[in-house]
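J.: For what it's worth, numbering that gives the first Met the number 0 labels the leading residue of the sequence shown as 0, then goes sequentially.
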Amino acid sequence: MTPPQSPTRNWKPSSGTDWRSRLTAAWLIGVDRRERFRARIGDLLLASEVCSSGSAYCFALARFGTHADADILTAYLDRYLPRTDLHYDQPAALGALLRLDAHLSTHHADRFTQPDGLWDHWVNGVGRLGYPSHTPAEVRRWTDLHCDFANGWTRP
């Protein structure tokens, strides 16, 4: 009998459009902090080709926890917060960026979350489409819950 392979060992997310496999791979990469996938995860997040997997990319970037990850999340928010017609992974990206700001003692998210800033405009825009509003504190809390859960199962 052949032993099972790690789902992330030969991960080639560009070879398919199945959001489930992308989501699972990104979560496993994030849980194990496999930073060698940072560039690919960043590319996939920015492309936003498949629904439902972007939140896992944001989780992985939050788990990696570096300035490079904050740069990727900032680029995503720069691209997708002005799009008030799209409800993609903006909440997950902001939550991850807020977490990184707290851990890195940076302020990348400040320009998005200032009163009447890009975040408020996006929330109001997607609210007209029937999506719920999210406060920065709420999206940060969700990111913290996910990362803290992963911390309970992995090395420091």
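Even glycine gets a Cβ: it sits at the ideal position worked out from N, Cα and C.
All figures in this text were calculated on a predicted structure; none of them were measured in a lab.
(1) Using alpha carbons as the reference points, say which of 17, 121, 144 lies closest to residue 53.
(2) Can at least three beta-carbon pairs, one atom from the segment 18 to 27 and one from the segment 89 to 107, be found at a separation below 8 Å?
(3) Nearest to residue 82 by alpha carbon, out of 135, 143, 31, 128?
(4) Alpha carbon to alpha carbon, how far is residue 43 from residue 63? Give it in angstroms, no decimals.
(5) What residues in its chain sit with their C-beta under 6 Å from that of residue 115, if we drop five residues either side in the sequence?
(6) Need the endpoints of the alpha helix (DSSP H) that residue 141 sits in, please.
(7) With a threshold of 7 Å on Cβ separation, who are the neighbours of residue 125 within its own chain once the five nearest residues in sequence on each side are excluded?
T.: Put simply:
(1) Stepping through the sequence shown from its first residue, residue 53 is reached at position 54. Per the Cα distances, 17.
(2) no
(3) If you number the sequence shown from 1, residue 82 lands on position 83. Answer by Cα proximity: 128.
(4) Along the sequence shown, read from residue 1 onward, the residue named residue 63 stands at position 64. Along the sequence shown, read from residue 1 onward, the residue named residue 43 stands at position 44. Taking the straight line from one Cα to the other gives about 16 Å.
(5) Indexing the sequence shown from 1 puts residue 115 at position 116. No residues qualify anywhere along the chain.
(6) Here residue 141 corresponds to residue number 142 of the sequence shown, with the count starting at 1. Looking at the DSSP string, the run of the alpha helix (DSSP H) that includes residue 141 is 135 to 150.
(7) For the purposes of this step, residue 125 is taken as residue 126 along the sequence shown, with counting starting at 1. Correct list, in chain order: 83, 86.
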